[in-house]
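Chain order of the listed sequences is Z and G. Here our numbering runs 881 ahead of the position in the first sequence, where the first position is 1. Here our numbering runs 281 ahead of the position in the second sequence, where the first position is 1. Report on the structure given below.
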Amino acid sequence: MSTVFSREPQLPVIAPGENALSVTRSVSGVVLKLPVGLRWMGSLGFAMMLTGIFLVGICWLLYAGVGIWGLNIPVAWAFAITNYVWWIAIGMGGTFISAAMYVTRQDWRASINRLAESMTVFAVAVSGLFPIFHLGRPWFFYWLFPYPDIMDLWPQWRSSLEWDFWAIIAYLIVSIAFLYVGMLPDLATLRDRARRRLLAIFYGLLALGWRGEAQHWRRLESVTLMLAGLSVPLVFSVHSMVALDFSEGLVPGWHSTIFPPYFIAGALFSGFGMVLVLAIPMRRLFGLQAYLTDRHISVIAKLMLAAGLWIDYSYASEIFTVFYSMDKFDVRMEMNRFLGPYAWLFWSTMAFNFVQIQLLWFERVRRNHVAVFVIALGVLYGMWLERLMLIVTSLYQDFMPSAWGMFYPTFWDFAFLFGSVGLFLSLYLVFSRLMPMLSMYELRKLAHKRNEVEG
Amino acid sequence: MSPMKPTLPETDVGFDAGAARERLAATRGPVYWRSLEELADSEGFRRWLRQQNPGLGEALLMDRRGFLKLLGASLALAGLAACSHPPQTEIVPYVHKPIGQVDGLPRYFATVLTREGYAQGVLVADHQGRPTKAEGNPGHPASLGGTDIFAQASILQLWDPDRSQSVRHRGVTSTWDDFVAAALAMSARFARSGGEGLHVLTGPVTSPTLAAQLDALGRRFPNSRWHVQRPAGGRNAHDGAQLAFGKPLSTRLHLERARVIVALDADPLSDPAAGVRYARDYATTRSPDRNRGAMSRLYAVEPTPSLTGLAADHRLPLAFPEVGRFALQLAGKIGVAAPAGAAPAAGEQARWLDALAADLQAHQGAALVLVGASQPPWLHALGHAMNAALGNVGKTIDYGAPVEALPADDAGLPGLVAAMRAGKVDTLLALEVNPVYAAPADLDFATALKHVPHLLHLGLYLDETGEVAEWHLPQAHALEAWSDARAFDGTASIAQPLIAPLYDGKSVHEVLAAFTGDDLFEGHALVRRQWRAALPDDKSWNDALQAGVVPNSALPAVATSHPDLAPRGGISVIPAKAGLRGPDAGANIGEAVGPKGAPQGRRVIHVAAGEIETDSGLRRNGEQKAVDSFSQAGSGKHETNAEGRVAEGENGERLELLLRPDPTIGDGRWANNGWLQELPKPLTQLTWDNAALVSPALAAGRKLKNGDMIELRAQGRTLEVPVWIVPGQATRTITLHLGYGRRSAGHVGDGRGFDAYALQTSASPGWAGDVAITATGRHYPFAGTQHHFNMEGRDLVREGTLAEYLHDPHFATAHDRYPPDPPSLYPDQPPGEYAWGMSIDLNACIGCKACTIACQAENNIPVVGKDQVRMGREMHWIRVDHYHVGGADNPRTVSQPVPCMMCEHAPCELVCPVGATVHDSEGLNLQVYNRCVGTRFCSNNCPYKVRRFNFLQYADKTTPQLMAMRTPEVSVRRRGVMEKCTYCIQRIETAHIQADKESRRIRDGEVLTACQAVCPTSAIRFGDISDKQSGVAKAKNSPRNYAMLNELGTRPRTTYLARLRNPNPALEDKPA
């Protein structure tokens, strides 16, 4: 990968003059010393407010039913599934950065992998709520689990939703494990540096007795490698599975073999977008510019561009296939996407996911963090719209013209969307104050290595 | 009041408040009491309780231990006895179980339900005393096994919690005893005056008992008057017969013998009296397979699309008065003299006239000319003359004595109002009518009522009339009371109650008996007395009850040789003369002088000029232009024509307004019926509202969109209504249905839609000319169940002409890319004991939607309300789709019932993660409600979109009446659960059990699905397709058989038989 970017003047991946001590001081300082600022409190307050709306929405949903959303027959899925796919896709990007780059020994990832991994865990956790709450009877979601039922009932294994259930669970477990294992040395650092007794006990318990022995390090290395090795295929399998939720159906617009790679591209695309959206303000908020450098932002922006081009190719390929097939239902569906009442969805998707990312070809844009932030936000929005387009414009006019119908979201549709954003941000903000947001031990290693190279 | 509450005895039980207080004061701990009488614990109450409920009387004295013992037993019995007490007469407890009663199985009782007075025979399912479902009575001539939507909805009407539940006197709850006392006092008063000032208002009466009672009332009070109120236009057919024959003979059609049918704004397929029967008869003529390659041909000339128009091979939209002119010219062409002066027809009309005349004359004796109920009497008379001239009388049409009992001098509602205004009405008995709401605006009935000192109202609901009445009396529902009624052909039936009145109602017979001081006062006795002569012994009575018809009671057809039916040479116009209507008109028959062209020696029907010239205003310059522009309309110049008409419209082009009873809620009497409110209206698929139906051309000209509010002005009255664009509507015709805008209908019907009676006039209740509209700029939200009426080039409904069919019987599947069972990677379903399948004959379906509502009744399908329908969440398991084919001005409209296709390779089953939708060994695609978690993937993946989801808690879990109404074998679905058509699996299972007990296979025809049973045209066949001799297997063997969306490889078990048309080649070369 380094060859791809070799022509660019090499910016440092860690600020000059950083050493093990400075790394440890500034990263653990965020957790242990930095006073709770107004900006952080304000952000958390805002996020909690959204979370509150989410909770109210959940209560109302459990009381009244999914009819509080704008769903209908034929459009029986809409925002909830869109949100689900969107969130789980965001998680993908994080895993890809932390795991795939770990496996390929990209050491510059050291300063963003924690950020990406925690983002993954929270995004997957939030996404996991939607398949449950979108059920007509959410309290029976465990029926998807093959527990020993006295009536000998098992799940229906041919359904992609069943496999989706497993995919989410597996993904959540692996990403939590990956995050946690990777944090162990840092938790021990925090334990050792904590001034207050209670904090020391808290981090001490979490550190699972990490003492920094060589044996510990050896085990850590092998477990991390194993988990990374598990995570990388999971990135592909989970999102392929998500894609099969749609392509298993015979709905025009869903029934397509291109979906799994197409969804993976989309997942990486939005995942990189979310990393940027989180990293750019975060480095400011916690003064981590020395570690989350311009180089990082630029590289992730490039990755986002690459993923974007991949997904744009998928769009083109999908559209081509539709017209090449001459299937009357597919052609009608595609023309509807271009020109129908939901054409704005398609064209907005194109604007955000195809047109605007072309700016990232320019280094000047990549260096401008405001621009990158705005583009990344646009990518997140575009990818959300794309999922909504895929779901709604495929369903609202399928085979029987007599059953065609429009979808109009209600207040509660938006409450769940923004509420889930609030929940994610709340989790993230709290996590950022409790846990080291950058991987100290890896950064120390990196600083050490750089210092050695530079002499 | 809950149905369990017994009626308290009138005497003996006094509520002694003092005693009650003392008892309460002397008691420690909580005292539970159910009624004030029990609280008082008087001896009278105990005695009464012992009389009513011997067991319960003792229970009051029981100790705790004894009570607990009983509690266990009563819990076990609660399900059996919870709902109602048996009728108070002939009470037979189940000491010995009735013969034929199997607990858990319904018993069926034959009775009749009436619509506009006419009987439709039904067999009502009774589950342990609860009527739950009406089926057609195969032995009844108006049913033949099918029913209309109203008969189905009667069940909900019976259990409607909004029904009137108590006698009210001046707005205060009263008792029947008080009423009887008051009625006797009134009766005594009228006995002195000979009934001066006593007026009775009823709907059309066919009940012999009621007729006899009214007759007795007239004899007892000779000065009293009886008026009949009919829904819009209902009098015209009657007056037309009077005009033609001098007698109000009733007309009976024999559509099964007709080869060429011309419907002049007539809609025999939804005729209130015999629509179900006529639909069946008509359908038999449409099957070339059964008629050796022949098929009838139906022409419809009508201003607004009707079911008959939908079924027609050719349909010509013409403004309402133009239909009459068209008929006059048609009459001239087939040798029936018609007045000169009608403008010669142009363009399309001329083609039509030639083609129709030729076709009618080629089928003399097998043709039929029908005139719509709201068309003027002279046109009905002309229709009779045409049928006579074509030799149809006695073959495709015959006449009988009037089925309805008619007042001696029926001045109708206008006469009544005139008398009211003149202060001549002292007491008005409004029996089963609601004139305060359902009366033309110009009568201003409510104001006229101020001159009436006493108004008595008997009705199912405390409606607009009941609210202002001095006495409002709750009426017993047709399923709660003894009565009788005649069918369209005069066949009489006894209506027997299936349940004691839920709300203390009485029948019209009982009320009248009280009023006339009859020595009998109980419904059964009154009806029995009426039939004592015809059914002298218990056996004949019981047989008549069991069969649902009184044998040989049909009124015989008047012999064709009878002088009354002597052929008419035609009609002639005589100078206008006031009052030439009704009985007077008959006096003109028989004059020897006929108009030019009348065959010598034939009598001529004379019509006053004033009558026939109602459309004189049409003879304006603009008219011919309109006709011409219409004739071009189908030729693809729609846009420019529309523009052209705009200009005309602004130059004062006349619009006309048709006022017709609503297709689903009638004249408003069904407004509180959720099933009917939510039943999509034919063609528009709107629910819960009426709309001003306008033609696409008018809408384009006035730049109106669906839902735009317009102000309708007619005869100085205005009404703001939203428009709905209906392809096939005559260009300048606006149709508005009556029955909406109820103010006092109940929770379901109040405030729905717009009150079209505000524009109705008594002189012309069905039609208004010179109507103007203005868009108000407001918009109204409609709730429709279908938004897209274009098939988009998909061959969902396949149709061909008779010629195509005879040339290539397999035309329907000739272009299929795949064989009926396209190749699949999935293994075939293993064969089971039976293979259930369904065949729907689109050639028979007339789109009446009886299947939808029958399914709703059978399968406990909830009503979701307008807002939910607007969101696309209606729950109907079988829907009837309409698609328009051809240009917007006069398309062909096809109907297609869509239940679950029961795919052998069901896409829904594949995607359910919990296996809540699975295949059974007999080919049913089952939905397991209690396993469903509600992912809704199955619905997304259903290409036919037949699955319905309980997005919210739709089923009513709290109203006891609605719980009692439900079919006990069918689960009530809770929210969050998917549901869909099951092929009425409960009926299949019942048959299974029966067959297993008798160690045999289920016979063909033993299982009828609800949609199949109700279908007036037998379009739906169901059964075991693995049995090659079964009806459904034979139907599927038809070359017309095709599977919808076959290319998806779903292998549906529900298949369709392609629709056939029998166009006249003379009219076919140009797009219709």
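Here a beta-carbon is modelled for each residue, glycine too, at the ideal position from N, C-alpha and C. No experiment lies behind these values; they were computed from the predicted model shown.
Going by DSSP, what residues sit across from E1260 (chain G) in a beta bridge?
G:R1229
Looking only at its chain, what residues have a beta carbon closer than 7 Å to the beta carbon of H1186 (chain G), apart from the 5 residues adjacent to it on each side?
S1105, Y1107, G1330, T1331, R1332
Strictly under 8 Å for the Cβ-Cβ distance: is C1193 (chain G) near chain Z by that measure?
yes
Out of G:L807, G:Y784, G:A781, G:D785, point me to the one whose CA is closest to L793 (chain G)'s CA.
G:L807
Less than 8 Å between the C-beta atoms of T490 (chain G) and S774 (chain G), yes or no?
Taking a C-beta distance under 8 Å as the contact criterion, T490 (chain G) and S774 (chain G) do not qualify as a contact pair.
Alpha carbon to alpha carbon, how far is V1052 (chain G) from V652 (chain G)? Give it in angstroms, no decimals.
24 Å
Using a Cβ-Cβ distance cut-off of 8 Å, determine whether T1094 (chain G) contacts chain Z.
no
Along the region 1244-1276 of chain Z, where does the CB come closer than 7 Å to a CB of chain G? Name the residues.
L1276
Mapping the DSSP letters down to three states, classify M576 (chain G) as helix, strand or coil.
coil
In whole angstroms, what is the alpha-carbon distance linking A703 (chain G) and V733 (chain G)?
10 Å
Among the residues of its own chain, which have a CB less than 7 Å from the CB of L1042 (chain Z), if the five just before and after it don't count?
D1126
Counting only the same chain and skipping the five closest in sequence on each side, list residues whose C-beta sits under 6 Å from that of A612 (chain G).
A619, L663, M667
Within the same chain, show all residues whose beta-carbon is closer than 7 Å to that of Y1289 (chain Z), passing over the 5 residues directly before and after it, in chain order.
G951
Could you give the first and the last residue of the continuous alpha helix (DSSP H) run that contains G1312 (chain G)?
Element bounds for G1312 (chain G): 1312-1317.
Nearest to I459 (chain G) by CA position, among G:P569, G:V541, G:A795, G:V650, is which residue?
According to the sequence shown, residue 459 (chain G) is Asp rather than Ile. For D459 (chain G), the nearest C-alpha among the options comes from G:A795.
Terminal residues of the continuous alpha helix (DSSP H) containing A1236 (chain G)?
Element bounds for A1236 (chain G): n/a, residue is neither H nor E.
Just to confirm my understanding: we take R994 (chain G), look at its own chain, exclude 5 residues before and 5 after, and list those with CB closer than 6 Å. What are they?
A1053
Is there a Cβ of chain G sitting closer than 8 Å to that of I954 (chain Z), yes or no?
yes
F1063 (chain G) touches chain Z at which residues, Cβ-Cβ below 9 Å?
Residues of chain Z passing the Cβ test: none, with the nearest at roughly 13 Å.
Spell out whether any CB of chain Z is found under 8 Å from the CB atom of H408 (chain G).
no
Taking 8 Å as the CB-CB cut-off, is E1215 (chain Z) touching chain G?
no
For H644 (chain G), does the count of other Cβ atoms within 10 angstroms reach 16, so buried, or fall short, so exposed?
buried
Near T1070 (chain Z), which residues of its chain fall below 7 Å by C-beta distance, leaving aside the five closest residues on each side in sequence?
T905, S909, M1321
Closer than 8 Å by C-beta to A928 (chain G): which residues in its own chain qualify, once you throw out the five before and the five after it? Chain order, please.
Note that A928 (chain G) scores 34 on pLDDT, short of 50, meaning its location in the model is unreliable; the coordinates nonetheless yield the value given after this. Leaving aside the five residues that flank A928 (chain G) on each side, none in its chain has a CB nearer than 8 Å to its CB.
How would you list, in chain order, the residues of chain Z whose beta-carbon sits under 9 Å from the beta-carbon of P1172 (chain G)?
Under the 9 Å cutoff, chain Z gives no residues; its nearest Cβ is about 14 Å from P1172 (chain G).
Would you tell me roughly how many angstroms separate the C-alpha atoms of T772 (chain G) and G1215 (chain G), rounded to the nearest one?
51 Å
Can you give the Cα-Cα distance for G515 (chain G) and T456 (chain G), rounded to whole angstroms?
36 Å
Flag K1216 (chain G) as yes if its beta-carbon sits less than 8 Å from any beta-carbon of chain Z, otherwise no.
Rather than Lys, the amino acid found at residue 1216 (chain G) in this sequence is Thr. Answer yes: the Cβ-Cβ gap between T1216 (chain G) and chain Z drops below 8 Å somewhere.
8 Å is my cut-off, CB to CB: does D1162 (chain G) come that close to chain Z?
yes
With a CB to CB cut of under 8 Å and the five nearest residues on each side skipped, what residues in its chain are close to L1207 (chain G)?
T1198, V1199, H1200, D1201, T1263, I1266
When burial is assigned at 16 or more other CB atoms within 10 Å of the CB, is A814 (chain G) buried or exposed?
exposed
So, does the CB of A1051 (chain Z) fall closer than 8 Å to a CB anywhere in chain G?
At least 8 Å separates the CB of A1051 (chain Z) from every CB of chain G.
With which residues is Q756 (chain G) paired in a DSSP beta bridge?
G:K787
Using a C-beta cutoff of 8 Å, does G1257 (chain G) count as contacting chain Z?
G1257 (chain G) counts as touching chain Z.
Please list, in chain order, the residues of the region 1214-1239 of chain G that have any C-beta partner in chain Z closer than 8 Å.
V1214, G1215, T1216, R1217, F1218, S1220, N1221, N1222, P1224, Y1225, K1226, R1228, R1229, F1230, N1231, F1232, L1233, Q1234
Roughly how many angstroms separate the alpha carbons of A1234 (chain Z) and A928 (chain Z), rounded to a whole number?
Checking the sequence, you will find Asn at residue 1234 (chain Z) rather than Ala. In this structure, the straight-line span from the alpha carbon of N1234 (chain Z) to that of A928 (chain Z) is close to 26 Å.
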